[in-house]
Amino acid sequence: MSTPDSEASGSPPSETQSTAPTQSKKKQKPSKARLTSEQKNTNHRDAENKRREGIHIQQEALSKLIPGAENDAKSEERLLTKTADYLEESYLDIRRMIAECDAKGIPVPDEIRHFLKDDDFGGPNWKTPNMDAYEAKKQKAEAKKVKPNGRSVDKSASPDDD
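Throughout the sequence shown, residue numbering follows UniProt numbering, covering 1 to 162 in sequence.
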């Protein structure tokens, strides 16, 4: 392209004034075709199936490690409950064995002794999860039921309060 100044002076266009259309410094990549909604759904389903299969494989492996859970790989809740119970029993067994060794004067390596922290299950600083607060909250919620007209009623209040 020429500018009015270059045309008027009759001089050829300078190097900064290119006659070809300007291109960006980056090479333009051909645009990728966008996925259709069907392709997106298929990809999502495949990813979800892969995730579920991975979970299933790990549940199978865990059910083989936990005594009494061999047939519970299909029930995630039962498998996790049995796993938690087994781990709690194991923690208590280890604590019992350490105490027994201490009573008999048998040295226990620090690696084993420090395996369980005081805050771990069965330790001196272990605090049982606060079920009292949960139960109180649950009872309070049950005490306040909502009538069909949308008004909440406190069952703990006496009928004369209305």
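Even glycine gets a Cβ: it sits at the ideal position worked out from N, Cα and C.
Closest Cα partner of residue i within the set the options
i      : options                        : result
PHE121 : LYS144, TYR86, ARG34 and ALA73 : TYR86
ARG78  : SER37, GLU60, ILE94 and MET97  : GLU60
GLN58  : HIS44, ARG45, ASN43 and GLU76  : GLU76
GLU88  : SER37, LEU116 and ILE55        : LEU116
Rounded straight-line distance, which links the Cα of residue j to that of residue i
i      : j      : result
LEU65  : TYR91  : 16 angstroms
MET97  : ALA73  : 31 angstroms
ILE94  : LYS137 : 36 angstroms
GLY123 : PRO67  : 24 angstroms
HIS114 : GLY105 : 18 angstroms
ASP161 : GLN139 : The predicted position of ASP161 is uncertain, since its pLDDT is 48 and thus under 50; no value can be drawn from it.
ASN41  : GLU53  : 18 angstroms
SER2   : GLN28  : For SER2, the predicted model reports a pLDDT of 49, less than 50, meaning its position is unreliable; a value from the coordinates is still stated below. So the alpha carbons of these two residues sit roughly 26 angstroms apart.
ALA47  : PRO109 : 46 angstroms
TYR134 : ALA141 : 11 angstroms
LEU35  : ASN71  : 42 angstroms
ARG51  : ASP102 : 46 angstroms
PRO30  : ALA69  : 55 angstroms
ARG45  : ILE55  : 15 angstroms
ASP119 : ILE112 : 16 angstroms
LYS144 : GLN39  : 49 angstroms
ASN49  : SER37  : 18 angstroms
PRO107 : ALA99  : 11 angstroms
Three-state secondary structure (DSSP) of residue i
i      : result
LYS64  : helix
LYS117 : coil
LYS50  : helix
LYS29  : coil
LYS144 : strand
LYS82  : helix
THR36  : coil
ASP110 : helix
ASP102 : helix
GLU70  : coil
SER75  : coil
Sub-8 angstroms separation of residue i and residue j beta-carbons
i     : j     : result
LEU62 : THR83 : yes
heavy atom of the ligand PLP below 7 angstroms from residue i C-beta
i     : result
SER31 : In terms of ligand content, the structure shown is empty, and the ligand PLP therefore cannot be addressed.
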